[in-house]
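Chains as they are written, first to last, in our numbering: chain D, 2 to 473; chain Z, -18 to 210.
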Amino acid sequence: MQSSKQLKPPVTETYDSLLAPGQSLESVTTKISDIVLFPILKTPTGWLLGFIGAGLLLMLYLYSLATLFTVGIGIWGINIPVAWGFDIINFVWWIGIGHAGTLISAILLLFRQDWRTSINRAAEAMTIFAVACAGIYPLIHTGRPWLDYWFLPYPSTTGMWPQFRSPLEWDVFAISTYATVSVLFWFVGLVPDLATLRDRSTSRIAKALYGLFSLGWRGAAKHWQRYEVASLLLAGLSTPLVLSVHSIISFDFSVAQLPGWHVTVFPPYFVAGAVYCGFAMVIVLMIPIRRVFGLQGLITMKHFDVMSKVMLASGMIVTYGYFGEIFYSWYSSSIYEYYLIVNRFTGPYAWSYWALILFNVLIPQVLWSKKLRQNLPVLFFVSMAINVGMWFERWVIIVLSLHRDFLPSSWASYTPTFYDWSTYIGSFGLFFVLFLLFIRFIPMIAIFEVRDLVHKTTPHTAEHEESGHAGA
Amino acid sequence: MAQVFNRRTNTIVRLGIFVGIPVILALLTATWWYYTRSDWVRDVGVANAKVQPAGNIPGAGGYSHQLHVGGLKLDCRYCHTGVEISSYANIPPVETCMGCHAQILPNSPKLAFIRNSYAKDEPVQWNKVHDLPKFVYFNHSIHVAKGVGCSTCHGNIASMAVVYKTEALYMSWCLNCHRAPEKFLRPQSEIFNTAWTPPADQIVQGLKLKKDLNIRTSSQLTNCSICHR
């Protein structure tokens, strides 16, 4: 049980329970809040290195955006007929990632699933940052972000409203609602923990900041009661969003008549894909974090097991979608639909279609084995594969449908340029900078919810029943 | 450690949230509104001296519609020769002025710029008062042919010593008429009458004109590619 480095706690993996044995109310609070209240100068090196890397990527991102705004979208590889390229692919990819967080925090809250407790805060943060990364693409893809207010229905000097019949306009509302509700939900859930940090921190600045944002929380019964109502309401509001946001994004495609887009299966297929990719991202983030911060006792192998099952299930829905598409192309008896599939199988971009099948359909099959589900390196690899696979899915949908128009005379191909890549890779910089700041300054696990779980799972609960602890 | 915030903080934060933020938002909106859509930013009604001839010809004076149109009753088409046949109304060349001013006030210092321009064969560069963005297509001839008079868009030119805008030329203004031209149409004989006022039964007359002139429906006339080609 002795480890060489003093920061690294003894690692004993827990496979059958959501908490490692021996957790107490006090140990949970200390463990989580110490990560945050650690003196700035003693920040773990792992975090610092990550932050430097993310910061460099962020610079790349800002550089790409600055070039975009000064030169214009000509720096990208898009043209007619492939007028949608990386901008939309990455937008759909990022927003899909966000879905896992909302699913975990809202739907699982309503279903009273205990396993959400240790991962929901981080997953929600991931949602918000992924939505931020996603939301930037539609804002910049016009090349003139200073005119973005044209998206909004305001009494404009043009005397025209935005085109309300266009799904692109629905996106504006879907995403802004999603972002607002997610931020609110996340913040409301943070208030009790911010108050804990306020009370535990010793620096005056930290006390003032945590104090300001904990909105005067004193943990009174009245406060808890209001908290319960607020979070239940927000969970109720977020639940339909999990389904609606990606459905609406799928309308961007399915409302158009392009072969490969005009399919009714798109909404459920997109939502499942979003959940698939989102859970993969949660796993990719959690595996290193719990290691660096020694959270093995709070995020156990059981969590990974459950998340892999969700991934497997949503992956099967997505796979069904892929087979569905092949079936429709045959069943539609439309030469354009039929050609699309032939083109996917054998055309110039066939490699990307087969990559998609490999990453999204074949590799994840290993998750059927419980042993492999609980093997972290394997799980990490599979989750990465799914993230890449889901990116390829959007690539296949967007580029492959667009580059073969109805008229062979307008066929063309699409090659991403340096700026396409740098705007994509750079957006990871934004994501990770935000995420690393989050884990450094905000408790990444909901302290009071885990305490509640400890309380519920330890045997002495019965004696204290009348104390009526109102934590979630 | 003692509490960082005292009791008053609650009130301050509430004031900030419920008064401060809305007030700031309202101010920002008002400023934005004023700068993007008011008549003021578009110099409506401002007889700006800088619109009168640019200083490329020394001793440039002014040209007055009040004098030539209001006083001398010249027809617009005498100078703006393009209005009925072209998209561009045309600004007269100095030759048009010299047609009279070779005889009338041949020595007036206020007309020196015309004589210089004429002698040097160098056009006077008038500043443009009504200036649509280049991505908008506008056409005078169709409007003049379909019962839209100059004064509907340019105001009472005959009373202006210096031309100024009477409309801010926002797109909503074009559409306001394209959606319901009957509110503005006038008989063909009144097109160049700068003092025309709509009769009491304008809508009835307008609808009749609209029918007679075969004016298209509002959905056709608000098609984006009519003006953005």
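Ideal Cβ positions, reconstructed from N, Cα and C, are used throughout, including at glycine.
Distance cutoff 8 angstroms, beta carbons only. Does residue i sit that close to anything in chain D?
i, result
"Phe119/Z", "no"
"Asn157/Z", "yes"
I need the DSSP call for residue i, collapsed to helix, strand or coil.
i, result
"Val132/D", "helix"
"Val256/D", "coil"
"Cys278/D", "helix"
"His247/D", "helix"
"Arg219/D", "coil"
"Asp56/Z", "coil"
"Thr181/D", "helix"
"Ala41/Z", "Low local confidence applies: a pLDDT of 47 at Ala41/Z is under 50, so the model's placement there is unreliable, and no value is given."
"Leu20/D", "coil"
"Gln226/D", "helix"
"Tyr15/Z", "helix"
"Gln186/Z", "helix"
"Trp396/D", "helix"
"Trp262/D", "coil"
"Thr458/D", "helix"
"Glu14/D", "coil"
"Pro163/D", "coil"
"Phe39/D", "coil"
"Ser199/Z", "helix"
"Gln219/Z", "In the structure as shown, chain Z begins at -18 and stops at 210. Residue 219/Z is therefore absent and cannot be evaluated."
"Ser202/D", "coil"
"His46/Z", "helix"
"Tyr155/D", "coil"
"Phe174/D", "helix"
"Ala273/D", "helix"
Could you tell me which residues DSSP pairs with residue i in its beta bridges?
i, result
"Lys303/D", "Paired residue(s): none; Lys303/D is not in a bridge."
"Lys146/Z", "Val25/Z"
Name the chain Z residues whose beta carbon is nearer than 8 angstroms to that of residue i?
i, result
"Ala209/D", "Val(-15) and Phe(-14)"
At a CB-CB cut-off below 7 angstroms, which residues of chain Z make contact with residue i?
i, result
"Thr159/D", "Met152 and Ser153"
"Gly217/D", "Asn(-9)"
Residue i touches chain D at which residues, Cβ-Cβ below 9 angstroms?
i, result
"Arg18/Z", "Pro156, Ser157 and Thr158"
Answer yes or no: does any C-beta atom of chain Z fall closer than 8 angstroms to that of residue i?
i, result
"Gly212/D", "yes"
"Arg145/D", "no"
"Arg205/D", "yes"
(message) To test your reading of the DSSP string, which unbroken alpha helix (DSSP H) runs of 4 or more residues are found completely within the stretch 63 to 138 of chain Z?
(response) Every unbroken stretch of the alpha helix (DSSP H) spanning 4 or more residues and falling wholly within the stretch 63 to 138 of chain Z is given here in chain order: 75 to 82, 93 to 101, 121 to 126 and 131 to 135.
(message) What ranges does the alpha helix (DSSP H) occupy inside the stretch 305 to 369 of chain D, keeping only unbroken runs of at least 4 residues that lie completely in it?
(response) Considered as a whole, the stretch 305 to 369 of chain D harbours 336 to 347 and 351 to 358 as its complete alpha helix (DSSP H) runs of no fewer than 4 residues, in chain order.
(request) Output the residue ranges of the alpha helix (DSSP H) runs that lie fully inside the stretch 73 to 124 of chain D and measure 4 residues or longer, sorted by chain position. (result) Along the stretch 73 to 124 of chain D, the alpha helix (DSSP H) occurs as fully enclosed runs of 4 or more residues at 87 to 103, listed in sequence order.
(request) Entirely within the stretch 410 to 451 of chain D and at least 4 residues each: give me those alpha helix (DSSP H) ranges in chain order. (result) Counting whole runs of 4 or more residues, the stretch 410 to 451 of chain D contains the alpha helix (DSSP H) stretches 419 to 442.
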